[in-house]
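*Asks:*
Numbering (the working numbering), first residue to last: 23 to 426.
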């Protein structure tokens, strides 16, 4: 399933040379793309609020697309203060926190691998699979999204899982809470953590802590009667777009397959309206999957991977930036499917970004159609890889957890 094949060890000096090359190459590529390419409409949104701190403005008062807690806004404000000294172009500066997060994920993965007594060669493989991965590179250096900051905090929560000494027992819940506050898609993973708690008391403690940072961060904006914070964060963007499954999922997945062979569009054809209702089984199914993984004895990293693959299979990723969620966790396991996933998803992302760029300008209709077909083709195959990857994991069953 997600086992790592035994690998011959390598001399320590060679390990550090190769690790340095991985680090230098991955960082150089990220910085080069971030500097030379503006990015998506998300980068434009971050640019708008980048200097709001100067006028003590709220991120919700002008940028209607800002649908998160204010933590990302605070990170951008801190970066803007530092940028007073460096004077980087704003489109580059707003990507720097995410690039830094990728670096930190790399070091956490190495710490994880060391604690699991992986060989030096395995540690190099883990580092390369994540840090040289086109999906993680494009997400941070071009798209400008910050999902990898959430992945970093979730990965740390997994690292401290099982701690028994003093306050360290609360680290997983606190780190999960902070990750969910940065971007609240992480609440989707709450059942995976909840069902792993040893008793009802621990379940209640986790459930009490998990939403804490998210609510605390929003509290000042609620108290200031900001007219847009509630609609931006909790209703329009989150509920109507990200939570209500009728907007994506099985109709999109089936439609993508049909697109390869026919012009039938089941998402707009009233004869197939019933398919969107299937999506509402997603959340009960996610709860059942989390419970199953806990009872079968999957370790936490495996559980996160399988749960995310289950979510991907039902939703077809929902948005380009969501494809990066699985990478830090899957890098630790290095299934053969991660390589196929990275190639198909990477090509899909490049096609999507070029298509978006041409569509916003004066792109040739023929070029747009060709790019759209390429985008759909590779997105479909990335989705199929995720589905087969999920099936392989479930078929193989849990692997005995390594020493942590």
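Ideal Cβ placement from N, Cα and C applies to all residues, glycine included. Everything numeric in this text was worked out from a predicted model, so none of it was measured.
Buried or exposed: where does residue 78 fall if 16 or more other Cβ atoms within 10 Å of its Cβ makes it buried?
*Replies:* Result: exposed.
*Asks:* Secondary structure at residue 48, three-state DSSP: helix, strand or coil?
*Replies:* Three-state DSSP puts residue 48 in a helix.
*Asks:* Touching or not, the stretch 129-136 and the stretch 155-165, by the rule of three or more beta carbon pairs under 8 Å?
*Replies:* No, because fewer than three Cβ pairs between the stretch 129-136 and the stretch 155-165 fall closer than 8 Å, the two stretches do not touch.
*Asks:* Excluding the 5 residues flanking residue 362 on each side, which residues of the same chain have their C-beta closer than 7 Å to its C-beta?
*Replies:* So the qualifying residues of the chain are 407.
*Asks:* Tell me the rounded alpha-carbon separation between residue 119 and residue 223.
*Replies:* Approximately 36 Å between the Cα atoms of the pair.
*Asks:* Taking the C-alpha atoms as reference points, what is the distance between residue 353 and residue 144?
*Replies:* Their Cα atoms are separated by approximately 10 Å.
*Asks:* Using the C-alpha atoms, what's the distance from residue 219 back to residue 373?
*Replies:* In a straight line, the C-alpha of residue 373 is about 42 Å away from that of residue 219.
*Asks:* By the three-class DSSP mapping on this structure, what secondary structure does residue 62 have?
*Replies:* Coil, per DSSP.
*Asks:* Under three-state DSSP, which class holds residue 112?
*Replies:* In the structure shown, residue 112 sits in a helix (DSSP, three-state: H, G or I).
*Asks:* In or out: residue 36 buried (at least 16 other Cβ within 10 Å) or exposed?
*Replies:* Residue 36 should be labelled exposed.
*Asks:* Cα separation between residue 154 and residue 142?
*Replies:* Answer to the nearest angstrom: the Cα atoms are 17 Å apart.
*Asks:* Closest to residue 333 by C-alpha separation, out of 355, 306, 193 and 350, would be which residue?
*Replies:* The candidate whose alpha carbon is nearest that of residue 333 is 306.
*Asks:* Could you check which residue in 206, 182, 98 and 127 has the C-alpha nearest to that of residue 48?
*Replies:* Among 206, 182, 98 and 127, the Cα nearest to that of residue 48 is on 127.
*Asks:* Using a threshold of 8 Å, state whether the C-beta atoms of residue 99 and residue 74 are closer than that.
*Replies:* A contact, by the Cβ cut-off of 8 Å.
*Asks:* Starting from residue 501, trace the alpha helix (DSSP H) both ways and give me its first and last residue.
*Replies:* Limits of the chain in this structure are 23 at one end and 426 at the other, which puts residue 501 out of reach.
*Asks:* Tell me the rounded alpha-carbon separation between residue 94 and residue 116.
*Replies:* Whole-angstrom Cα-Cα distance: 10 Å.
*Asks:* Determine contact between the stretch 193-201 and the stretch 229-236, defined as no fewer than three beta-carbon pairs at a distance below 8 Å.
*Replies:* Touching, per the Cβ criterion.
*Asks:* Would residue 139 be called buried (16 or more neighbouring beta carbons within 10 Å of its own) or exposed?
*Replies:* Exposed: under 16 other Cβ atoms inside 10 Å.
*Asks:* Under DSSP, the alpha helix (DSSP H) around residue 305 begins and ends at which residues?
*Replies:* Looking at the DSSP string, the run of the alpha helix (DSSP H) that includes residue 305 is 304-318.
*Asks:* Indicate whether residue 314 and residue 211 have their beta-carbon atoms separated by less than 8 Å.
*Replies:* No, these two residues do not count as a Cβ contact at 8 Å.
*Asks:* CB-CB under 8 Å to residue 325, same chain, minus the five flanking residues each way: which ones, in chain order?
*Replies:* The residues are 214, 218, 312, 315 and 316.
*Asks:* Against chain D, does residue 33 count as a neighbour if the rule is that its beta carbon must be under 8 Å from one of theirs?
*Replies:* No chain D is present in this structure, which holds just one protein chain.
*Asks:* Grouping DSSP H, G and I as helix and E and B as strand, with all else coil, what is residue 197?
*Replies:* Residue 197: helix per DSSP, three-state reduction.
*Asks:* Would you kindly work out how many angstroms separate the C-alpha atoms of residue 380 and residue 113, rounded to a whole number?
*Replies:* In a straight line, the C-alpha of residue 380 is about 19 Å away from that of residue 113.
*Asks:* Just to confirm my understanding: we take residue 319, look at its own chain, exclude 5 residues before and 5 after, and list those with CB closer than 6 Å. What are they?
*Replies:* Hits under 6 Å: 420.
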